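Engineer: Mapping the sequence shown onto the working numbering, position 363 (from 1) lands on 833, and the numbers just tick up by one. A virtual CB, placed ideally from N, CA and C, is assigned to each residue, including glycine. Since the model is a prediction, treat every value here as computed from it, not as a measurement. Supplied in structure tokens, the structure appears directly below.
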Amino acid sequence: MGRLFGTDGARGVANQELTCELAFKIGQAAAYVLTEECHRKPKILIGKDTRISCDMLESALAAGLCSVGAKVVTLGIIPTPAVAYLTRKYDAEAGIMISASHNSAEYNGIKIFNANGYKLSDAIEERIEAIILDNSEEIDLPTGDDVGTVQHSETAVSDYIEFVKGVVDCELQGMRVAVDCANGASCKTAAKVIAALGGEPFVIHNHPNGTNINLNCGSTHMSDICNYVKSVGVDIGLAFDGDADRLMVVDEMGNVIDGDKIMLICANYLKDLGMLRKNTLVITVMSNLGLILKAKELGINTVQTAVGDRYVLEEMLKSGYNLGGEASGHIIFLNHNTTGDGLVSALNVLKILKLSGKKMSELASIYETMPQCIINAKVSNSKKKNFDKDSVIIDEIKHLEEEFDGKGRVLVRASGTEPCVRVMIEGENLDIITQKAQYLASIIEARLG
Numbered sequence: 471m472g473r474l475f476g477t478d479g480a481r482g483v484a485n486q487e488l489t490c491e492l493a494f495k496i497g498q499a500a501a502y503v504l505t506e507e508c509h510r511k512p513k514i515l516i517g518k519d520t521r522i523s524c525d526m527l528e529s530a531l532a533a534g535l536c537s538v539g540a541k542v543v544t545l546g547i548i549p550t551p552a553v554a555y556l557t558r559k560y561d562a563e564a565g566i567m568i569s570a571s572h573n574s575a576e577y578n579g580i581k582i583f584n585a586n587g588y589k590l591s592d593a594i595e596e597r598i599e600a601i602i603l604d605n606s607e608e609i610d611l612p613t614g615d616d617v618g619t620v621q622h623s624e625t626a627v628s629d630y631i632e633f634v635k636g637v638v639d640c641e642l643q644g645m646r647v648a649v650d651c652a653n654g655a656s657c658k659t660a661a662k663v664i665a666a667l668g669g670e671p672f673v674i675h676n677h678p679n680g681t682n683i684n685l686n687c688g689s690t691h692m693s694d695i696c697n698y699v700k701s702v703g704v705d706i707g708l709a710f711d712g713d714a715d716r717l718m719v720v721d722e723m724g725n726v727i728d729g730d731k732i733m734l735i736c737a738n739y740l741k742d743l744g745m746l747r748k749n750t751l752v753i754t755v756m757s758n759l760g761l762i763l764k765a766k767e768l769g770i771n772t773v774q775t776a777v778g779d780r781y782v783l784e785e786m787l788k789s790g791y792n793l794g795g796e797a798s799g800h801i802i803f804l805n806h807n808t809t810g811d812g813l814v815s816a817l818n819v820l821k822i823l824k825l826s827g828k829k830m831s832e833l834a835s836i837y838e839t840m841p842q843c844i845i846n847a848k849v850s851n852s853k854k855k856n857f858d859k860d861s862v863i864i865d866e867i868k869h870l871e872e873e874f875d876g877k878g879r880v881l882v883r884a885s886g887t888e889p890c891v892r893v894m895i896e897g898e899n900l901d902i903i904t905q906k907a908q909y910l911a912s913i914i915e916a917r918l919g
């Protein structure tokens, strides 16, 4: 990770860390780097979620892009994966999403896609950072007719909806589907797609006001959707995050089904059809050990990467795999889109549920989750990467690894987007691993707080 860009773009508190000045500079540098070989006025798309700060940052970004001569097309409120898709469909040189994903409303972020709809490589991000922070390259600013322009796309949401509807080749008649839109971008898309395919959507948290995105709702706050599923009597519940690139599922009894189980359900279905490339599922080091053991039993290979869907995608592209993701619900169906797409994931699950004739709880019994505890140690953002250089922390991690050897595992990593170090322990007894994880987190906080 670089100085501005983390695992999922540049992110921070809007108007304090992610300022209009910084957004303007990111727009300038990104347009310069991504369009230097373009032989026309470059087209760059901008999408946004429902945060109150998005309008402000959109204007600053657009100004920076136009100052380098770009033709800016604003898409309005729209999911992140829609920006990736529309960048390709509209033959644009780049697409930019303004969102802080699952984070609360005071945060915002800027993530950039190249012309092929993929997140930028580390090397390109580092070059953009060097231009902004070190003035490493001088940007020539056009004048007169060469200055950029801004126009708004009226068809962006409908174009994305038409694309997503084509992901599955079955109708959803008779399916009752609860949907938690997290007061975010999926308010524009999810219910419309489900209804268009014949399903009956029951929607909550679909009234964004600029400050309630992800507020006690969505894929990171599941209690509302779990209770709602039980109260209205539906077949399945779907929970998206603020920019709709994540999906979490709830079965008909109100139990949460995370990204790990969603992935293995889909991988097993695709394998049986001969459509899982190389019979391999790409996961991260945070995926549950139960998934790995069951996948092996089912004849599915697993490849693990560092945490972050960008690293999952890099492995998929490098090795020719077509399914991968994270327990958090970032799932990439590379046959359909170039990034995690919550609605694409949802439709694949709905298709499997419909065609199998089973209940969602039956599908979710594909493996038994090994108890896992994740504790966020709150630390200074500037110190979070130093956990593996502190001798006291290192010794405690080694001690725990020896204690759980053969009966679990310990994983400690710095968050790519938040000021914390995540402590994850898997083992046979939840109470014991929780106690151990809390203790290790307290040591990390004391050393790096």
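Since PRO549 and THR659 are thought to touch, with beta carbons under 8 Å apart, how far apart are those beta carbons, to the nearest angstrom?
Structural biologist: Locating residue 549 in the sequence shown gives position 79, counting from the first residue. Locating residue 659 in the sequence shown gives position 189, counting from the first residue. The pair is a contact, with the Cβ atoms about 6 Å apart (cut-off 8 Å).
Engineer: So which of GLU506, ASP694 and LYS855 has the shortest CA-CA distance to ILE594?
Structural biologist: Locating residue 594 in the sequence shown gives position 124, where the first residue counts as 1. Minimum Cα distance to ILE594 is reached at GLU506.
Engineer: Considering only residues of the same chain and omitting the five flanking positions on each side of MET471, which have a CB-CB separation below 7 Å?
Structural biologist: Working through the sequence shown from its first residue, we reach residue 471 at position 1. Because MET471 carries a pLDDT of 46, less than 50, the predicted location of this residue cannot be relied on, and the following value inherits that uncertainty. Excluding sequence neighbours, MET471 sits near THR477 and GLY886.
Engineer: With distances taken Cα to Cα, identify the nearest neighbour of LEU900 among LEU881, GLN842, LEU870 and ASP604.
Structural biologist: As a position in the sequence shown, residue 900 is number 430, starting the count at 1. Ranking the options by Cα distance to LEU900, first place goes to GLN842.
Engineer: Taking ARG747 as part of the beta strand (DSSP E), name the residues at either end of that continuous run.
Structural biologist: For the purposes of this step, residue 747 is identified with residue 277 of the sequence shown, where counting begins at 1. Note, ARG747: premise wrong, no beta strand (DSSP E); not H, not E.
Engineer: Taking all protein chains shown into account, decide if LYS868 is buried (16 or more other Cβ within 10 angstroms of its Cβ) or exposed.
Structural biologist: As a first step, residue 868 must be located in the sequence shown, where it is residue number 398. Looking at its Cβ environment, which holds fewer than 16 other Cβ atoms inside 10 Å, LYS868 is exposed.
Engineer: Give a yes or no on contact between the region 871-891 and the region 847-856, applying the rule of three or more CB pairs nearer than 8 Å.
Structural biologist: yes
Engineer: Roughly how many whole angstroms lie between the Cα atoms of GLY712 and PRO551?
Structural biologist: The count along the sequence shown starts at 1 and reaches residue 712 at position 242. The count along the sequence shown starts at 1 and reaches residue 551 at position 81. Rounded to whole angstroms, the gap between the alpha carbons of GLY712 and PRO551 is 12 Å.
Engineer: Near ASN584, which residues of its chain fall below 7 Å by C-beta distance, leaving aside the five closest residues on each side in sequence?
Structural biologist: Locating residue 584 in the sequence shown gives position 114, where the first residue counts as 1. Excluding sequence neighbours, ASN584 sits near LEU504, ALA564 and LEU590.
Engineer: Could you tell me the alpha carbon to alpha carbon distance between SER701 and GLU767, rounded to whole angstroms?
Structural biologist: As a working note, residue 701 is residue 231 in the sequence shown. As a working note, residue 767 is residue 297 in the sequence shown. So the two alpha carbons sit approximately 37 Å from each other.
Engineer: Does DSSP put MET471 in a helix, in a strand, or in coil?
Structural biologist: In the sequence shown, counting from the first residue as 1, residue 471 sits at position 1. With a pLDDT of 46 at MET471, under the threshold of 50, the modelled position of this residue cannot be trusted, and the question is left open.
Engineer: Could you name the residues of the same chain whose beta carbon sits closer than 6 Å to that of HIS691, not counting the 5 residues immediately before and after it, in chain order?
Structural biologist: Looking up residue 691 in the sequence shown gives position 221. Correct list: empty, nothing qualifies.
Engineer: Could you tell me the distance, in whole angstroms, from the CA atom of LEU817 to the CA atom of VAL647?
Structural biologist: For the purposes of this step, residue 817 is identified with residue 347 of the sequence shown, where counting begins at 1. For the purposes of this step, residue 647 is identified with residue 177 of the sequence shown, where counting begins at 1. Rounded to the nearest angstrom, the two C-alpha atoms are 11 Å apart.
Engineer: Since LEU474 and ILE602 are thought to touch, with beta carbons under 8 Å apart, how far apart are those beta carbons, to the nearest angstrom?
Structural biologist: Along the sequence shown, read from residue 1 onward, the residue named residue 474 stands at position 4. Along the sequence shown, read from residue 1 onward, the residue named residue 602 stands at position 132. Between ILE602 and LEU474 the Cβ distance is about 7 Å, and since that is below 8 Å, they are a contact.
Engineer: Could you tell me the distance, in whole angstroms, from the CA atom of GLY614 to the CA atom of CYS536?
Structural biologist: Taking the first residue of the sequence shown as 1, we reach residue 614 at position 144. Taking the first residue of the sequence shown as 1, we reach residue 536 at position 66. Those two C-alpha atoms are separated by around 12 Å.
Engineer: Short check: CB of ASP715 to CB of GLY810, under 8 Å?
Structural biologist: Looking up residue 715 in the sequence shown gives position 245. Looking up residue 810 in the sequence shown gives position 340. Contact: yes.
Engineer: For GLU576, does the three-state DSSP call read helix, strand or coil?
Structural biologist: Within the sequence shown, the letter at position 106 stands for residue 576. Coil.
Engineer: Would you say GLY794 and ILE802 are within 8 Å of each other, going by their C-beta atoms?
Structural biologist: As a working note, residue 794 is residue 324 in the sequence shown. As a working note, residue 802 is residue 332 in the sequence shown. In contact: GLY794 and ILE802 (Cβ atoms closer than 8 Å).
Engineer: Tell me where the alpha helix (DSSP H) around GLY812 begins and ends.
Structural biologist: The count along the sequence shown starts at 1 and reaches residue 812 at position 342. Judged by DSSP secondary structure, GLY812 falls within the alpha helix (DSSP H) whose first and last residues are 812-826.
Engineer: Give me the Cα-Cα distance between ASN758 and ILE770, rounded to the nearest whole angstrom.
Structural biologist: Counted from its first residue, the sequence shown places residue 758 at position 288. Counted from its first residue, the sequence shown places residue 770 at position 300. A straight-line Cα-Cα distance of about 15 Å links ASN758 and ILE770.
Engineer: Per DSSP, what kind of secondary structure is GLU675 in: helix, strand or coil?
Structural biologist: Your numbering for residue 675 matches position 205 in the sequence shown. The identity of residue 675 in the sequence shown is His, whereas the question assumes Glu. DSSP places HIS675 in coil when its eight states are reduced to three.
Engineer: Using the C-alpha atoms, what's the distance from GLY827 back to ALA480?
Structural biologist: As a working note, residue 480 is residue 10 in the sequence shown. As a working note, residue 827 is residue 357 in the sequence shown. ALA480 and GLY827: Cα-Cα distance of roughly 43 Å.
Engineer: For the alpha helix (DSSP H) containing ILE863, name the first residue and the last one.
Structural biologist: Counting from one through the sequence shown, the residue named residue 863 turns up at place 393. 861-874 is the extent of the alpha helix (DSSP H) around ILE863.
Engineer: Under the rule that 16 or more other beta-carbon atoms within 10 Å means buried, what is LYS764, buried or exposed?
Structural biologist: Numbered from its first residue, the sequence shown carries residue 764 at position 294. Per the 10 Å Cβ criterion, buried.
Engineer: Determine the direct distance from the alpha carbon of VAL627 to that of GLY587, and round the result to whole angstroms.
Structural biologist: Taking the sequence shown and counting its residues from 1, the one referred to as residue 587 is at position 117. Taking the sequence shown and counting its residues from 1, the one referred to as residue 627 is at position 157. Their Cα atoms are separated by approximately 17 Å.
Engineer: Find the nearest neighbour of ILE735 within the set ARG747, LEU751 and GLY724, judged by alpha-carbon distance.
Structural biologist: Residue numbering aside, residue 735 sits at position 265 when the sequence shown is read from its first letter. Cα-wise, what sits closest to ILE735 is LEU751.
Engineer: Identify the residues that DSSP records as bridge partners of PHE985: which are they?
Structural biologist: Nothing in the structure corresponds to residue 985, since the chain is present only between 471 and 919.
Engineer: LYS859: buried (16+ other C-beta within 10 angstroms of its C-beta) or exposed?
Structural biologist: One-based indexing of the sequence shown puts residue 859 at position 389. Exposed, because fewer than 16 other Cβ atoms sit within 10 Å of the Cβ of LYS859.
Engineer: My parser needs the alpha helix (DSSP H) runs of 4 or more residues fully inside the region 612-648; what are they?
Structural biologist: 626-635
Engineer: Quick check on DSSP: helix, strand or coil for ASN584?
Structural biologist: By 1-based counting over the sequence shown, the position of residue 584 is 114. If DSSP states are grouped into helix, strand and coil, ASN584 belongs with the strands.
Engineer: Which residues does DSSP list as the beta-bridge partners of CYS843?
Structural biologist: Within the sequence shown, the letter at position 373 stands for residue 843. For CYS843, which the question treats as bridged, DSSP gives the partners ILE895.
Engineer: Mind checking ILE914: buried by the 16 CB within 10 Å criterion, or exposed?
Structural biologist: In the sequence shown, counting from the first residue as 1, residue 914 sits at position 444. Buried is the call here.
Engineer: Per DSSP, what are the beta-bridge partners of LYS589 in this structure?
Structural biologist: Position 119 of the sequence shown, counting from 1, holds the residue named residue 589. PHE583.
Engineer: So, does the region 633-653 touch the region 664-682, judging by three or more C-beta pairs under 8 Å?
Structural biologist: yes
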